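*Asks:* For reference, each letter of the sequence shown is one residue, going -11 to 108 in my numbering.
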Amino acid sequence: RVRATLPDHVVIPPKKEVWNGLHEFKSSAFGACHVTVYECDEKSWMIRVYANSSCRLHSHLVPLAFLTTDDGRAIGDDLTPEERTTTYLTLLRKRLDFDGTRIWINSVPRAKPPDASLGG
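#1: So His46 and Ile91 are in contact, right, with Cβ under 8 Å, and what is the actual spacing, rounded?
#2: Between which two residues does the beta strand (DSSP E) containing Thr24 stretch?
#3: Less than 8 Å between the beta carbons of Lys82 and Leu52, yes or no?
#4: So, at 8 Å on beta carbons, what are the nonlocal neighbours of Leu80 in its own chain, with the 5 sequence-adjacent residues on each side left out?
#5: Leaving out the 5 sequence neighbours to the left and right, which residues in its chain are closer than 6 Å to Glu12 when beta-carbon positions are compared?
#6: Could you give the C-beta distance for Gly88 and Ser42, rounded to a whole number, given that I count them as a contact under 8 Å?
#7: Excluding the 5 residues flanking Thr73 on each side, which residues of the same chain have their C-beta closer than 7 Å to its C-beta?
#8: Note down the Cα distance separating Glu70 from Arg(-9), rounded to an integer number of angstroms.
#9: Over the uninterrupted beta strand (DSSP E) stretch that includes Leu67, give me the two end residues.
#10: How about Leu84 and Thr75: do their beta carbons lie closer than 8 Å?
#11: Would you identify the three-state DSSP class for Leu79, choosing helix, strand or coil?
#12: Return the first residue and the last residue of the beta strand (DSSP E) that Val6 is part of.
#13: Look at His22 and Tyr38 and say whether their C-beta atoms are less than 8 Å apart.
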């Protein structure tokens, strides 16, 4: 019999559920998938996506510092905790994507390059 023991600091359960519900992914042909967002600590969230077509649960850790506004600014400390959570969640849901095997967060939308036909 083999017994493995992991240190307590390696396996950290999520603190609380931030949001759960159905989410429609832009690049997915699966339709809406069940998504749950958990708070791991004050600086990161864990996203879990249940893919109905493959009956698999996919997880992804997201540092909240990665979720900046569309113009690249960090979320300010002048917001209340509830407002900050709502802002982070809005940005996360807007950029969250899933292709059936991978979860990722799209980066901040970039400005369009100048059109070469216009001499730009």
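The beta carbon of each residue, even a glycine, is placed where N, CA and C say it ideally should be. Given the structure is predicted, the values throughout are model-derived calculations rather than measurements.
*Replies:* Looking at the atomic coordinates:
#1: Locating residue 46 in the sequence shown gives position 58, counting from the first residue. Locating residue 91 in the sequence shown gives position 103, counting from the first residue. Indeed, because the Cβ distance is near 5 Å, the residues count as touching under 8 Å.
#2: Locating residue 24 in the sequence shown gives position 36, counting from the first residue. Counting along the chain, Thr24 sits inside the beta strand (DSSP E) bounded by residues Ala20 to Asp29.
#3: In the sequence shown, counting from the first residue as 1, residue 82 sits at position 94. In the sequence shown, counting from the first residue as 1, residue 52 sits at position 64. Their beta carbons are not under 8 Å apart, which means Lys82 does not touch Leu52 by this criterion.
#4: Mapped onto the sequence shown, residue 80 falls at position 92. Only Val25, Trp33, Ile35, Val50, Leu55 and Ile93 meet the Cβ criterion.
#5: Translated into positions along the sequence shown, residue 12 becomes position 24. Cβ within range, chain order: Ala20.
#6: Position 100 of the sequence shown, counting from 1, holds the residue named residue 88. Position 54 of the sequence shown, counting from 1, holds the residue named residue 42. Yes, they are in contact, since the Cβ atoms of Gly88 and Ser42 sit about 7 Å apart, within 8 Å.
#7: Reading the sequence shown from its first residue, position 85 is the one you call residue 73. If you ignore the 5 residues before and after Thr73, its C-beta comes within less than 7 Å of the C-beta of Val6, all in its own chain and listed in chain order.
#8: The residue labelled residue 70 in the question sits at position 82 within the sequence shown. The residue labelled residue -9 in the question sits at position 3 within the sequence shown. CA-CA distance, Glu70 to Arg(-9), rounds to 43 Å.
#9: One-based indexing of the sequence shown puts residue 67 at position 79. No beta strand (DSSP E) contains Leu67, which DSSP labels as neither H nor E.
#10: The sequence position of residue 84 within the sequence shown is 96, counting from 1. The sequence position of residue 75 within the sequence shown is 87, counting from 1. In this structure, Thr75 does not lie closer than 8 Å to Leu84 by Cβ.
#11: Against the sequence shown, residue 79 aligns to sequence position 91. DSSP places Leu79 in helix when its eight states are reduced to three.
#12: Reading the sequence shown from its first residue, position 18 is the one you call residue 6. Here the beta strand (DSSP E) through Val6 covers Lys4 to Glu12.
#13: Working through the sequence shown from its first residue, we reach residue 22 at position 34. Working through the sequence shown from its first residue, we reach residue 38 at position 50. It is a contact, given that the beta carbons lie within the stated cut-off.
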